[in-house]
């Protein structure tokens, strides 16, 4: 049996981390939102601010996590993040007031920032050069698998055991799913002897200085693209479970799985296409299509319509998430990629944080999800306009 190299074992560990953190953190936001409104009597509007706080805290905490994992073994930051996430999930099951809800979700977001894409992409970047994109695509697929396999489990647990007991079970799964494999195999960086063993790929990293990139119109346009595009995407994801529950409660969990499964298909299909077509043009078409899928999803009332619209929306999720690192690397190279990507991600996280809140506000204002998802479509099209306005001046072909 051929030996699996150390770096690909690390990819497997990161895949597991992403699968459980996304399934119980990212995709679980809509499940927690539904449980809080059902069992604690909160309005959709007030409860929607909780995921907003989660994503906002996660984005800003990421700056600190990035600094920590430069100096400390990433396994320990992951362990701390897992402990914080587990504690916050237990607290969410015990909240009685809206302020307690917000505090628990803020703590959850803080821990989540150490167990998701920032840590995963940093470790992969240290271990891979020539096949970095392939490694990242495998790791990022863990996001979708978390939605397919883990989020429905969390939804079933919350439905079967209620918010209090269910949150304790979910917290235990968070720890058991991430901590053992991370401590065992998440080696943060190659050792000197691994280079001689062929465990590490080395390559020249050309590109643009971060300060020059930050002053460019292209960076601002790309930042705006993901600010609006992810605002729409995450806002729609956060409310999807409840949207489907309003019309067809029995298939709400299935709709979340369909969304996640389609995101895997979208990621793999776009990975094939992007070798032949321009990144920027593909992203423009993707944002237009995403807007139309949100209009259809918000307007659907039948089982077939809700599942088909969820599937179409899922195709855009898998593809769009890949575009941010691809567009940045194409334009600015890899020299200052980590700094440029982290700032772009922080700006995008503001949009991510606002998305659930704004769609919840639109729901309460309009008395339903139809117009709320139209607002999400407008956000997608604003992202398209931002990328169009960015122009092509900074796009490199040598990164």
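In our numbering, the protein residues as written are 3 to 401. Even for Gly, the Cβ is constructed at its ideal location relative to N, Cα and C. Treat the numbers as computed from the prediction; the structure is a model and nothing was measured.
Please report the residue range of the alpha helix (DSSP H) in which residue i lies.
i	result
residue 189	Careful: residue 189 lies outside any alpha helix (DSSP H) and carries neither H nor E.
residue 29	Residue 29 -> no alpha helix (DSSP H), and no H or E assigned at all.
residue 74	Run containing residue 74: none; DSSP gives neither H nor E here.
residue 15	8-23
residue 376	371-392
Just mark residue i as buried or exposed, buried being the case when its beta carbon has 16 or more other beta carbons within 10 Å.
i	result
residue 74	exposed
residue 21	buried
residue 283	exposed
residue 285	buried
residue 2	Past the edges of the chain, shown from 3 to 401, lies residue 2, and the structure says nothing about it.
residue 19	buried
residue 279	exposed
residue 158	exposed
residue 347	buried
residue 213	exposed
residue 217	exposed
residue 103	buried
residue 182	exposed
residue 36	buried
residue 300	buried
residue 154	buried
residue 444	Any answer about residue 444 is impossible in this case: the structure gives the chain only from 3 up to 401.
residue 351	buried
residue 306	exposed
residue 369	exposed
residue 206	Unreliable positioning characterises residue 206 in this predicted model, as indicated by a pLDDT of 43, which lies under 50. The coordinate reading is nonetheless provided below. With fewer than 16 other Cβ atoms within 10 Å, it is exposed.
residue 69	exposed
residue 367	exposed
Cβ atoms of residue j and residue i: under 8 Å apart, would you say?
i	j	result
residue 393	residue 220	yes
residue 358	residue 50	yes
residue 379	residue 294	yes
residue 296	residue 315	yes
residue 59	residue 108	yes
residue 156	residue 237	no
residue 233	residue 95	no
residue 57	residue 111	yes
residue 226	residue 385	yes
residue 120	residue 64	yes
residue 303	residue 241	no
residue 71	residue 127	no
residue 180	residue 33	no
residue 47	residue 383	no
residue 224	residue 377	no
residue 170	residue 92	yes
residue 100	residue 165	no
residue 160	residue 149	no
residue 268	residue 319	yes
residue 151	residue 342	no
residue 365	residue 355	no
residue 313	residue 264	yes
residue 12	residue 129	yes
residue 40	residue 97	no
Between the options, which lies nearest to residue i when the distance is taken from Cα to Cα?
i	options	result
residue 321	266, 332, 171, 125	266
residue 87	103, 62, 61, 117	117
residue 113	150, 67, 100, 154	67
residue 222	36, 390, 39	390
residue 360	76, 144, 176, 54	54
residue 29	261, 325, 349, 268	261
residue 188	15, 373, 362, 226	15
residue 61	229, 130, 363	229
residue 254	308, 263, 301	308
residue 140	333, 351, 324	324
residue 235	317, 41, 8, 178	317
residue 78	184, 100, 89	184
residue 381	292, 333, 371, 331	292
residue 122	80, 150, 163	80
residue 211	245, 247, 313, 338	338
residue 247	371, 169, 171, 148	371
residue 89	245, 174, 69, 306	174
residue 231	27, 387, 252, 52	387
residue 82	38, 344, 176, 10	176
residue 245	298, 270, 271	298
residue 178	23, 76, 7	23
residue 9	333, 367, 136	136
Please confirm if residue i has its CB atom under 8 Å from at least one CB of chain C.
i	result
residue 153	Absent here is chain C; the protein component of the structure consists of one chain.
Is any heavy atom of the ligand PLP found at a distance shorter than 7 Å from the C-beta of residue i?
i	result
residue 245	Looking for the ligand PLP in the displayed structure turns up nothing, as the structure carries no ligands at all.
Subject >> 3-residue-minimum beta strand (DSSP E) runs that sit fully inside the region 201-245, ordered along the chain >> reply: none
Original post:
At what residue ranges does the region 250-334 contain a whole run of the alpha helix (DSSP H), taking only runs of 4 or more?
Top reply: Counting whole runs of 4 or more residues, the region 250-334 contains the alpha helix (DSSP H) stretches 254-275, 281-301, 305-334.
Subject >> Within the region 88-118, ranges of the alpha helix (DSSP H) (whole runs, at least 4 residues) >> reply: The region 88-118 contains these whole alpha helix (DSSP H) runs: 100-114.
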